[in-house]
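Heads up, the thing below is written out as structure tokens.
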Amino acid sequence: PSHHVEATLFMIPKRVSPSREFTINKGMLPGLKFKCLAQNPILSINSNSIIGKIDIIRAHVHTYQPDLVAISETKIDSKFDDNELLGDGYTIWRKDRKHGGGGVLIALSNTSNLSVLQSNEGPGESLALLLQIHPTLKFRVVVMYRPPNEYDLENFENLIDEYKLDNCIFVGDYNFPDLDWITVREQ
Numbered sequence: 528p529s530h531h532v533e534a535t536l537f538m539i540p541k542r543v544s545p546s547r548e549f550t551i552n553k554g555m556l557p558g559l560k561f562k563c564l565a566q567n568p569i570l571s572i573n574s575n576s577i578i579g580k581i582d583i584i585r586a587h588v589h590t591y592q593p594d595l596v597a598i599s600e601t602k603i604d605s606k607f608d609d610n611e612l613l614g615d616g617y618t619i620w621r622k623d624r625k626h627g628g629g630g631v632l633i634a635l636s637n638t639s640n641l642s643v644l645q646s647n648e649g650p651g652e653s654l655a656l657l658l659q660i661h662p663t664l665k666f667r668v669v670v671m672y673r674p675p676n677e678y679d680l681e682n683f684e685n686l687i688d689e690y691k692l693d694n695c696i697f698v699g700d701y702n703f704p705d706l707d708w709i710t711v712r713e714q
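Counting with the working numbering, you get residues 528 to 714 for the letters of the sequence shown.
Below you can see the structure in the form of structure tokens.
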């Protein structure tokens, strides 16, 4: 398998903690510095198998110091120990696929100011955490993996319906190659 992972960093609006400054030393914008005027970074990774990529994932976590890590397409099972991935600095929720491929996980930093109010497995290969960032602000992070050969959109539609009234951040690998994500229209 390739040793490449796709990673995206999301920021939740500033409430309590000071900003963080990051330097990106890899990728297309080497040495770019930016100041994050937000807190609680969320790192979303489509790993296409964690196995063989643990060092890369740990490097992303070390660089961005996210409060929450969401990984899709983990391709692991119960034989894979949580501490092998991020060490003991994170609490991990997983939904492994029983027969190879797929799988999702969410990891929350043990030093985060986010409080977990609820965790649940959603339809298909999805996992959700309801989090509280502030006494008046709750939001849900949902990670989903949709296999490219899954032509039935029922699990995806059920996931959207289940959480449509929440403040949600949806991350993962949806495998919709014909969807223009800017206009949300099929190409």
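Don't be surprised by glycine CBs; every beta carbon is placed ideally from N, CA and C. All values reported here derive from a predicted model rather than from experimental measurement.
At what residues does the beta strand (DSSP E) containing T618 begin and finish?
-> In the DSSP annotation of this structure, the continuous segment of the beta strand (DSSP E) that includes T618 starts and ends at Y617 to K622.
Three-state secondary structure (DSSP) of Y678 = In this structure, Y678 counts as coil in the three-state DSSP scheme.
Per DSSP, S646 forms a beta bridge with which residues?
-> S646 pairs with L656.
Within its chain, find whatever has a CB closer than 8 Å to the CB of S653; leave out the 5 residues flanking it on each side and keep chain order.
-> Here the set comprises K622, V631, V669, V670, M671, Y672, N682, L686 and G699.
Return the chain-ordered list of same chain residues with a C-beta closer than 6 Å to the C-beta of L635, the five sequence neighbours on each side being excluded.
-> Taken in chain order, the residues that qualify are L595 and T618.
Supposed contact pair L644 and L664 - C-beta distance, whole angstroms, cut 8 Å = That belief does not hold up - the Cβ atoms of L664 and L644 are roughly 12 Å apart, past 8 Å.
Assign D705 to buried or exposed, taking buried as 16 or more other Cβ atoms, counted over all protein chains shown, within 10 Å of its Cβ.
-> So D705 ends up on the exposed side.
Could you tell me which of I603, P593, L613 and G614 sits nearest to S640, measuring between CA atoms?
-> It should be noted that the sequence gives Asn, not Ser, for residue 640. That would be P593, whose Cα lies nearest to the Cα of N640.
Limits of the unbroken alpha helix (DSSP H) element including D582 | Run containing D582: I581 to Y591, per the alpha helix (DSSP H) assignment.
Under a three-way DSSP split, which group does L632 fall into?
-> Residue state, collapsed to three classes: strand.
N573 beta carbon less than 7 Å from that of I605 = Before going on, a small fix: residue 605 reads as Ser here, not Ile. Contact: no.
Leaving out five residues on either side along the sequence, give the residues of the same chain with a beta carbon under 7 Å from the beta carbon of D609.
-> Here D609 has I619 as same chain residues with Cβ atoms under 7 Å from its own Cβ, once five neighbours each way along the sequence are excluded.
Return the chain-ordered list of same chain residues with a C-beta closer than 8 Å to the C-beta of L613, the five sequence neighbours on each side being excluded.
-> Hits under 8 Å: I584, R585, V588, V596, I619 and A634.
So, helix, strand or coil for N567, using DSSP?
-> It is a strand residue.
How long is the line joining the alpha carbons of G651 and E684, rounded to whole angstroms?
-> One alpha carbon belongs to G651, the other to E684, and they sit about 10 Å apart.
If you check the beta carbons only, do K602 and G628 fall under 7 Å apart?
-> Their beta carbons are under 7 Å apart, which means K602 touches G628 by this criterion.
Any idea if G649 is buried or exposed, counting beta-carbon neighbours within 10 angstroms, 16 or more meaning buried?
-> Counting Cβ neighbours within 10 Å, G649 comes out buried, since at least 16 surround it.
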